[in-house]
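**Student:** Submitted below is the structure of interest, expressed as structure tokens.
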Amino acid sequence: MMLSPDQSEPDVLWGQTDMETFLDSLKVEGAPLRAEPVNGEGKAHSAVSREEKRQRRQVTAKYRSTHATREQIRVVAVNVAFTELRKLLPMLPPDKKLSKIEILRLVICYISYLNHVLDV
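Going by this note's numbering, the sequence shown runs without a break in its numbering and finishes at 159.
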């Protein structure tokens, strides 16, 4: 905030923002600002009808269905990646079933072996 030549101090005190000044100007004789209606004003607008609740449930069900589909696609992609990684391991028979952590550990060992072969 720039001061004019005839102005010695700023209008806003240190630590006080313009928003605080604005909110202080809105207060009426020390009464706090309220976000909710007073004395039941606006009650008809805040009540949710049965129809609105039903629509919200439908949206929630649609969201859950979409989310479940995305999760299934993600799980399939991860499983395909582990299958491809498993195929790259030359030291095990292809029909042996391995867990994901076993595959990762074997891949780490194989990569370190390949690094060792390249260094020699």
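Backbone N, C-alpha and C fix where the C-beta goes; we use that ideal spot for every residue, glycine too. The structure presented is a predicted model; accordingly, all values stated were derived computationally and were not measured.
Determine the contact status of Ile150 and Arg125, defining contact as a CB-CB distance below 7 Å.
**Tutor:** Within the sequence shown, numbered from 1, the residue matching residue 150 stands at position 111. Within the sequence shown, numbered from 1, the residue matching residue 125 stands at position 86. Against a cut-off of 7 Å, the Cβ pair of Arg125 and Ile150 comes out as no contact.
**Student:** If we require 4 or more residues per run, which alpha helix (DSSP H) segments fall completely within the stretch 79-148?
**Tutor:** Listed in chain order, the alpha helix (DSSP H) runs fully inside the stretch 79-148 are 82-85 and 89-126, counting runs of at least 4 residues.
**Student:** For the pair the stretch 93-101 and the stretch 116-134, tell me if three or more CB-CB distances fall below 8 Å.
**Tutor:** Result no; under three Cβ-Cβ pairs closer than 8 Å.
**Student:** At the level of alpha carbons, what is the spacing between Ser138 and Glu91?
**Tutor:** Position 99 of the sequence shown holds residue 138. Position 52 of the sequence shown holds residue 91. Ser138 and Glu91: Cα-Cα distance of roughly 47 Å.
**Student:** Starting from the C-beta of Val146, find all residues in its chain whose C-beta is less than 8 Å away, skip the five residues before and the five after it, and write them out in chain order.
**Tutor:** Your numbering for residue 146 matches position 107 in the sequence shown. Here the set comprises Leu124, Leu127 and Leu128.
**Student:** Out of curiosity, what's the CA-to-CA distance linking Leu153 and Thr99?
**Tutor:** If you number the sequence shown from 1, residue 153 lands on position 114. If you number the sequence shown from 1, residue 99 lands on position 60. Cα-Cα distance, rounded: 50 Å.
**Student:** DSSP three-state label for Val156, please.
**Tutor:** For the purposes of this step, residue 156 is taken as the residue at position 117 of the sequence shown. Looking at Val156 - three-state DSSP - the assignment turns out to be helix.
**Student:** Whose C-beta lies closer than 6 Å to the C-beta of Val67 among residues of the same chain, with five residues either side of it excluded?
**Tutor:** As a working note, residue 67 is residue 28 in the sequence shown. Low confidence applies here, because Val67 scores a pLDDT of 47, under 50, leaving its location unreliable; read the following figure in that light. There are no such residues.
**Student:** Can you grab the Cα-Cα spacing for the pair Val159 / Ser104, in whole Å?
**Tutor:** Mapped onto the sequence shown, residue 159 falls at position 120. Mapped onto the sequence shown, residue 104 falls at position 65. Those two C-alpha atoms are separated by around 54 Å.
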